[in-house]
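In case it helps, UniProt numbering puts the sequence shown at residues 1 to 451.
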Amino acid sequence: MSLLGALIGSSMAMSAQSDALGQVSGNIINMNTIGYKHADVTFKTLLSGSTPNWNFFSTAASVYRRVDEQGTVTQTGRSLDVAINGTGMFVVNNQVDMSGETMYTRDGSFDTAVVYQATGTSIPPAADNPNQASDAYLVTGSGRYVLGWAANQDAYDNGLNPFPTNDANGAVQAGAELVPIRVNSEAMSAGSATTQATLRANLDASATSTQMLGLSVWGNEVQTTQGDGTVVSSWPRRGIPLLFTPVAGDSGAWTVGVSTDNGMSGTIQPTSVRFNGDGQLVEPTDGNFALSVTYADGTTQDISLNLGSVTQYASVEGSVVQDSDVNGFPSGSLVRTSFDNEGVLYADYSNGVTRPLYKLALADFPAAQNLEMQNGNLYRYVNEAGDRRLFVIDDILAGSTQLTPNALEQSTVELSDQFSTMITTQTAYSQAANVFRTVDEMTQTAAALKR
Numbered sequence: 001m002s003l004l005g006a007l008i009g010s011s012m013a014m015s016a017q018s019d020a021l022g023q024v025s026g027n028i029i030n031m032n033t034i035g036y037k038h039a040d041v042t043f044k045t046l047l048s049g050s051t052p053n054w055n056f057f058s059t060a061a062s063v064y065r066r067v068d069e070q071g072t073v074t075q076t077g078r079s080l081d082v083a084i085n086g087t088g089m090f091v092v093n094n095q096v097d098m099s100g101e102t103m104y105t106r107d108g109s110f111d112t113a114v115v116y117q118a119t120g121t122s123i124p125p126a127a128d129n130p131n132q133a134s135d136a137y138l139v140t141g142s143g144r145y146v147l148g149w150a151a152n153q154d155a156y157d158n159g160l161n162p163f164p165t166n167d168a169n170g171a172v173q174a175g176a177e178l179v180p181i182r183v184n185s186e187a188m189s190a191g192s193a194t195t196q197a198t199l200r201a202n203l204d205a206s207a208t209s210t211q212m213l214g215l216s217v218w219g220n221e222v223q224t225t226q227g228d229g230t231v232v233s234s235w236p237r238r239g240i241p242l243l244f245t246p247v248a249g250d251s252g253a254w255t256v257g258v259s260t261d262n263g264m265s266g267t268i269q270p271t272s273v274r275f276n277g278d279g280q281l282v283e284p285t286d287g288n289f290a291l292s293v294t295y296a297d298g299t300t301q302d303i304s305l306n307l308g309s310v311t312q313y314a315s316v317e318g319s320v321v322q323d324s325d326v327n328g329f330p331s332g333s334l335v336r337t338s339f340d341n342e343g344v345l346y347a348d349y350s351n352g353v354t355r356p357l358y359k360l361a362l363a364d365f366p367a368a369q370n371l372e373m374q375n376g377n378l379y380r381y382v383n384e385a386g387d388r389r390l391f392v393i394d395d396i397l398a399g400s401t402q403l404t405p406n407a408l409e410q411s412t413v414e415l416s417d418q419f420s421t422m423i424t425t426q427t428a429y430s431q432a433a434n435v436f437r438t439v440d441e442m443t444q445t446a447a448a449l450k451r
């Protein structure tokens, strides 16, 4: 190799070590960046040609980003944070109408953002999804909209899986459309009228007159039109006074009816109960009654009532209601949203109802290390990464991948390793510089021979 080859080779080596130091610098700078994957630098030989004794060697830096390396998962206690433990990335888009570019990220520090139309008004509610309305969407720190699958509320109410799943070949089933995840603080949960109730109470065994036990239920939906034309639904609390009259001369026997006070009327079947000497209900044996009432406002309600927990004991307090269980509830406002360990975003409402809203979509690639890194902790798809595969945590493609709610994945940067690499890089750069300096001096010596 000639002096010229040594000069070029050493300068290229200095350039390669400069590239390596740049990657080390980037790693150290991003040591606290959520979901950041550090880059390793390796070197490859460069040969100027194939003619023996006349070619020269040098080196070039090759960057390998450790996209498949797992970072430490740490708890944050924040309900919209979620960490991936295993393969996969969150799927995001920069446009709420999905017209923008889809990208990928490991950063699960999500937040909500309001989207406005060109007119300055917020995006209106989804007409087919009354449980999630209005204008707030789940976004990444860089403002990208997080994508997932919307829950089928009818399927959920019928005890079915509300989300699309992958088929036996691992492909997402047809019709499983990815959409931006919408979260709105003004969303409401519809109420539900009581259809089943259980009353726990005690009838005073020493009573000789009619006793009243009150049953509290949630009535049928009532719609009210406000001044601006908006129709508001409510499920009012209703009180049903049940009358128990002791049968003269028949200890333990009572007739049962519904009070007609305050314009109410109703029927109950069967119309009698019987208790044994231990104060336990023995007739009807199952304790079940069919209760139908008409309220003063004309609305009606049918309830399957169980009185099996009503007892008959002598009591100085008289006949008292202890409590009741009913399956109805009023409408409720959104209290909080949070993820579970399968990536399902749940909404908790003030009426005690919890409903699934969306399920996070995850994407995986055969060669994820070839994804193109972008600003904002994002990765862009390139053909070298292979075909994208969408999956959810509970399907066959998830493998060992898990989601940890209320947590974030830290960067994979090990500071001690980076400092060690930096020292090695500095040494290699200095030695290449020494070669360059020596060759330069030798070249000057050769040039001086002409003088």
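For glycine and all other residues, C-beta sits at the position ideal for the given N, C-alpha and C.
Problem - Cross-strand partners of T45 (DSSP beta bridge) - result: T59
Handout entry: Inter-residue Cα distance where the pair is S338 and G308
Key = Their Cα atoms are separated by approximately 39 angstroms.
Problem - Whole-angstrom C-beta distance between G298 and F275, which should lie under 8 angstroms - result: With 8 angstroms as the limit, F275 and G298 do not qualify as a contact, their Cβ atoms being about 36 angstroms apart.
Practice task
Compute the Euclidean distance between the alpha carbons of E384 and M373, then round it to the nearest angstrom.
Solution key: 13 angstroms
Exercise for the section: Determine, using beta-carbon pairs with one atom in the stretch 179-196 and one in the stretch 317-335, whether at least three such pairs fall under 8 angstroms. Expected result: yes
Handout entry: Where D154 sits in the DSSP three-state scheme
Key = helix
Handout entry: Inter-residue spacing [alpha-carbon to alpha-carbon] between A126 and Q426
Key = At A126, the pLDDT of 48 sits below 50, so the modelled position is not reliable and the matter cannot be decided from this model.
Practice task
Could you check the C-alpha separation between G343 and Q23 for me, to the nearest Å?
Solution key: 33 angstroms
Problem - C-beta contact flag for P246 and W254 at 9 angstroms - result: yes
Exercise for the section: Taking only the alpha-carbon atoms, compute the straight-line gap between S79 and G141 and give it to the nearest angstrom. Expected result: 15 angstroms
Exercise for the section: Name the residue from S62, V310, L147 whose alpha carbon lies nearest to the alpha carbon of K44. Expected result: S62
Exercise for the section: Indicate whether the contact test is met: 3 or more Cβ pairs, each with one atom in the stretch 94-102 and one in the stretch 65-85, closer than 8 angstroms. Expected result: no
Problem - Own chain partners of S333 with C-beta closer than 7 angstroms, once the 5 adjacent residues on each side are dropped - result: M188, Y349, S350
Handout entry: The beta strand (DSSP E) enclosing E409, as first and last residue numbers
Key = 407-409
Handout entry: Touch test, the stretch 141-157 against the stretch 309-316, Cβ-Cβ under 8 angstroms, three pairs minimum
Key = Not touching, per the Cβ criterion.
Handout entry: Alpha-carbon to alpha-carbon, D250 and S206
Key = 13 angstroms
Exercise for the section: For E177, name the three-state secondary structure that DSSP assigns. Expected result: coil
Handout entry: Burial state of Q301 (16 or more Cβ within 10 Å)
Key = buried
Problem - Inter-residue spacing [alpha-carbon to alpha-carbon] between L21 and M442 - result: Annotation: L21 to M442 spans about 29 angstroms, alpha carbon to alpha carbon.
Handout entry: C-alpha gap between E409 and I303, whole angstroms
Key = The C-alpha of I303 is placed about 51 angstroms away from the C-alpha of E409.
Handout entry: Where the beta strand (DSSP E) containing S333 begins and where it ends
Key = 332-339
Practice task
Note down, one range per segment and in chain order, each beta strand (DSSP E) of at least 3 residues found wholly within the stretch 286-356.
Solution key: 288-294, 300-306, 311-313, 320-326, 332-339, 344-349
Practice task
Tell me whether S411 is buried or exposed, calling it buried when 16 or more other Cβ atoms sit within 10 Å of its Cβ.
Solution key: buried
Problem - Helix, strand or coil at F436 according to DSSP, with G and I counted as helix - result: helix
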